[in-house]
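Right, one structure below, let's go through it.
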Amino acid sequence: MNSTEIWQLSASETVEKTRSGDLSAEATVDAALDRMESVNPALNAVVNSCADDARAHARVLDKARAAGDPCGPLHGVPVTVKINVDQKGYATSNGIPALKDLIAPDDAPVVRNLQRAGAVIIGRTNTPEFSFRADTDNPLFGRTHNPWGDHVSAGGSSGGAGAAVMAGIGALAHGNDIGGSLRFPAAANGAVTVKPGIGRVPAWNPSQSAERGMLAQSMSVQGVFARTAQDLHLSMPSLIAADPRDPFHVPMPWRLDPLEKPLRVAFTRETYGYDLHPEVDAALLSARDALTDAGYQVEEVETPDVFASGRAGYRALMGEVYSMMKADVDHIGSQQIRDIFATYFQEFPPYLGQGLLEMMAKRSFFTREWTMFQQRYPLALTPFLPQPFFRPDRDTEGAEGVHEVLGSAVWSYSMNFMGLPAASVPARLARLPAGDQPINVQIVAPRWREDLAVDAALSIEKRVGRMCCHLWQRMARPGLSPQL
Numbered sequence: 002m003n004s005t006e007i008w009q010l011s012a013s014e015t016v017e018k019t020r021s022g023d024l025s026a027e028a029t030v031d032a033a034l035d036r037m038e039s040v041n042p043a044l045n046a047v048v049n050s051c052a053d054d055a056r057a058h059a060r061v062l063d064k065a066r067a068a069g070d071p072c073g074p075l076h077g078v079p080v081t082v083k084i085n086v087d088q089k090g091y092a093t094s095n096g097i098p099a100l101k102d103l104i105a106p107d108d109a110p111v112v113r114n115l116q117r118a119g120a121v122i123i124g125r126t127n128t129p130e131f132s133f134r135a136d137t138d139n140p141l142f143g144r145t146h147n148p149w150g151d152h153v154s155a156g157g158s159s160g161g162a163g164a165a166v167m168a169g170i171g172a173l174a175h176g177n178d179i180g181g182s183l184r185f186p187a188a189a190n191g192a193v194t195v196k197p198g199i200g201r202v203p204a205w206n207p208s209q210s211a212e213r214g215m216l217a218q219s220m221s222v223q224g225v226f227a228r229t230a231q232d233l234h235l236s237m238p239s240l241i242a243a244d245p246r247d248p249f250h251v252p253m254p255w256r257l258d259p260l261e262k263p264l265r266v267a268f269t270r271e272t273y274g275y276d277l278h279p280e281v282d283a284a285l286l287s288a289r290d291a292l293t294d295a296g297y298q299v300e301e302v303e304t305p306d307v308f309a310s311g312r313a314g315y316r317a318l319m320g321e322v323y324s325m326m327k328a329d330v331d332h333i334g335s336q337q338i339r340d341i342f343a344t345y346f347q348e349f350p351p352y353l354g355q356g357l358l359e360m361m362a363k364r365s366f367f368t369r370e371w372t373m374f375q376q377r378y379p380l381a382l383t384p385f386l387p388q389p390f391f392r393p394d395r396d397t398e399g400a401e402g403v404h405e406v407l408g409s410a411v412w413s414y415s416m417n418f419m420g421l422p423a424a425s426v427p428a429r430l431a432r433l434p435a436g437d438q439p440i441n442v443q444i445v446a447p448r449w450r451e452d453l454a455v456d457a458a459l460s461i462e463k464r465v466g467r468m469c470c471h472l473w474q475r476m477a478r479p480g481l482s483p484q485l
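Numbered according to my numbering, the sequence shown spans residues 2 to 485.
Structure, rendered in structure tokens:
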């Protein structure tokens with residue numbers, strides 16, 4: 002195989018070839034690094050190259066396989082890691098100039114689990130300052146561009162990861178999600194991901210000097226982006242491997258007992274007063290039809306109120322941020338991020354004091370409503386954003402911009418507040434006046450049943466196709482993408 006053919010392989014295809022000996026780990030890593038060198042200068046998705054370490058790791062894997070040692074489930078798969086997670090010997094800068102020399106003393110659990118499974122880290126991906134925007138730009142590394150073009154943001158906060166995996170820089174990309182930071186970039190770039198539920202993937206940064214707030218601990222999760230849903234089934238069992246440094250991780254298997262079929266799916270187009278764009282509606286209907294054809298029992302019903310749970314949850318999170326993080330933002334953040342946070346506090350007036358404690362307590366009420374609803378409808382097919390993904394820097398345009406970017410995203414952060422799994426999968430390629438862009442839908446699953454959400458995403462993908470195929474055709478046509 003030539004280099005182009007190799008970097009286009011999915012993680013599942015890569016593993017099949019590296020474990021059989023048809024491809025060496027070194028060949029897969031070299032192909033991914035070649036692709037990175039070709040397209041990353043214009044995308045700025047990967048901001049720290051790990052090329053030397055990656056090649057050395059690949060050679061170790063090849064020698065071990067040649068010696069007859071067992072191969073891991075991700076043997077030779079090139080991956081990227083987000084710069085807000087510790088990777089030993091690299092800076093956990095989080096897009097902040099003041100942290101550019103914060104060198105990690107050890108690997109975070111997700112990094113350790115990926116490497117133990119045989120994955121090879123080829124680079125570290127960009128994030129906004131403090132990883133707290135739905136767009137990706139920072140004063141340390143600059144802007145990450147969407148491979149679909151500069152008419153659409155790459156998303157955030159894992160924007161570098163979403164852009165990288167879809168552009169062919171690694172078959173998998175690590176990201177994390179406290180209010181949508183896996184699903185925003187998935188929707189922006191046309192990737193597929195699943196936001197795990199609370200307690201699913203162990204998390205901790207050895208470089209941190211203090212523990213995170215309770216809501217940050219309970220809302221933030223680690224995950225991966227892929228170009229095909231099958232790669233989530235391949236990779237997630239490795240990510241959820243236990244690590245004693247996370248005392249609240251729950252060691253559950255990836256696959257649990259199958260549920261009685263046909264599996265009921267609650268279908269909703271509810272956007273709580275925000276205009277539902279025709280392209281988003283068409284994507285929802287396409288996903289509905291795909292699930293129906295795959296044997297799911299899809300019913301359009303009223304779900305528990307995610308506007309109430311989402312707004313309560315994000316206002317509570319803003320209360321915690323105001324109390325525990327605002328001083329750092331003011332001290333080491335840029336003027337732009339300080340202005341954005343000021344607008345966040347206007348859009349989501351922070352709960353403080355007793356009000357914050359009451360909303361943290363009410364989290365159980367909201368989650369209980371959904372848990373009971375899921376007894377009848379284990380899955381829910383929902384919008385993610387009511388409109389096609391927004392343009393770069395939309396969240397810097399005052400109250401109106403933040404309202405469009407985050408205010409309307411209640412289907413996103415409500416799932417973080419309740420700790421429920423939620424997958425994101427492209428269901429349509431929109432042909433818009435500004436340019437083509439993917440439209441993703443969301444699939445909500447019960448606690449511990451990320452596998453069900455990924456199964457449903459795979460059914461949608463089989464009907465719609467992989468969005469990367471459209472993107473790579475576009476990228477090969479000069480003048481239509483930022484890197485050519």
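Every residue, glycine too, gets a C-beta built ideally from N, C-alpha and C.
Per DSSP, what are the beta-bridge partners of L459 in this structure? Residue numbering aside, residue 459 sits at position 458 when the sequence shown is read from its first letter. Answer is none; L459 lacks a bridge partner.
Please give me, in chain order, every unbroken run of the beta strand (DSSP E) with length at least 3 that falls completely inside the region 414-459. DSSP runs (the beta strand (DSSP E)) wholly in the region 414-459: 423-433 and 436-445.
For N114, which option in S94, S236 and A188 has the closest C-alpha, if you only look at C-alpha atoms? Along the sequence shown, read from residue 1 onward, the residue named residue 114 stands at position 113. For the residues S94, S236 and A188, the minimum Cα distance to N114 belongs to S236.
For the candidate residues N49, A192 and G224, whose alpha-carbon lies nearest to that of F142? On the sequence shown, residue 142 is found 141 positions in, with the first residue counted as 1. It is N49 whose Cα lies nearest to the Cα of F142.
Supposed close pair R117, G171 - CB separation, criterion 8 Å: For the purposes of this step, residue 117 is taken as the residue at position 116 of the sequence shown. For the purposes of this step, residue 171 is taken as the residue at position 170 of the sequence shown. Taking the Cβ atoms as the reference, R117 lies roughly 18 Å from G171, outside the contact range of under 8 Å.
With distances taken between CB atoms, is the gap from P263 to G296 smaller than 9 Å? Within the sequence shown, residue 263 is the residue found at index 262, counting from 1. Within the sequence shown, residue 296 is the residue found at index 295, counting from 1. Closer than 9 Å, so yes.
Suppose contacts are defined by Cβ-Cβ distances below 9 Å. Is A313 in contact with M373 by that definition? The sequence position of residue 313 within the sequence shown is 312, counting from 1. The sequence position of residue 373 within the sequence shown is 372, counting from 1. Cβ atoms of A313 and M373: not closer than 9 Å.
Check G169 in the structure and name its three-state DSSP category. Taking the first residue of the sequence shown as 1, we reach residue 169 at position 168. Here G169 sits in coil by DSSP.
Quick one: what's got a C-beta closer than 7 Å to S13's C-beta in the same chain, skipping five residues either side? Mapped onto the sequence shown, residue 13 falls at position 12. So the qualifying residues of the chain are Q231, D232 and L235.
A381 and A267: beta carbons closer than 9 Å? As a first step, residue 381 is located in the sequence shown; it is residue number 380 there, counting from the start. As a first step, residue 267 is located in the sequence shown; it is residue number 266 there, counting from the start. A contact, by the Cβ cut-off of 9 Å.
Is it buried or exposed for M220, if we count other Cβ within 10 angstroms and need 16 for buried? Taking the first residue of the sequence shown as position 1, residue 220 is located at position 219. It counts as buried.
Alpha-carbon to alpha-carbon, R429 and E280: Position 279 of the sequence shown, counting from 1, holds the residue named residue 280. Position 428 of the sequence shown, counting from 1, holds the residue named residue 429. Cα to Cα, the separation comes out at about 8 Å.
In its own chain, which residues sit with a C-beta less than 6 Å from the C-beta of P427, not counting the 5 before and 5 after it? Counting from 1 along the sequence shown, the entry for residue 427 is found at position 426. Excluding sequence neighbours, P427 sits near G191, P439, N441 and M468.
Under the DSSP definition of a beta bridge, which residues are partnered with K196? Residue numbering aside, residue 196 sits at position 195 when the sequence shown is read from its first letter. Beta-bridge pairing links K196 to A423.
Could you tell me which residues DSSP pairs with V307 in its beta bridges? On the sequence shown, position 306 is the one that residue 307 refers to. In DSSP, V307 forms no bridge with anything.
Pick out the complete alpha helix (DSSP H) segments inside the region 231-302, 4 residues or longer, and give them in chain order. 231-240 and 279-294
Determine the extent of the alpha helix (DSSP H) in which K18 is found, giving its start and end residues. Here residue 18 corresponds to residue number 17 of the sequence shown, with the count starting at 1. Start and end: A12 to S21.
Cα-Cα separation between D294 and R36, rounded to whole angstroms: Translated into positions along the sequence shown, residue 294 becomes position 293. Translated into positions along the sequence shown, residue 36 becomes position 35. When rounded, the distance between both Cα atoms is 37 Å.
Would you check if the region 195-205 and the region 99-110 touch, i.e. whether three or more CB-CB distances between them fall below 8 Å? Cβ pair count under 8 Å is three or more, so yes.
Which term fits T5, buried or exposed, when burial requires 16 or more other beta carbons within 10 angstroms of its beta carbon? Taking the sequence shown and counting its residues from 1, the one referred to as residue 5 is at position 4. By the 10 Å Cβ count, T5 comes out exposed.
A362: buried (16+ other C-beta within 10 angstroms of its C-beta) or exposed? Here residue 362 corresponds to residue number 361 of the sequence shown, with the count starting at 1. Classification of A362: exposed, given that the 10 Å Cβ count is below 16.
By a C-beta neighbour count over all protein chains shown, 10 Å radius and 16 as the cutoff for buried, is R369 buried or exposed? Here the question's residue 369 lines up with position 368 in the sequence shown. It counts as exposed.
Counted within 10 angstroms of its Cβ, other Cβ atoms place P148 as buried (16 or more) or exposed: Taking the sequence shown and counting its residues from 1, one reaches residue 148 at position 147. Per the 10 Å Cβ criterion, buried.
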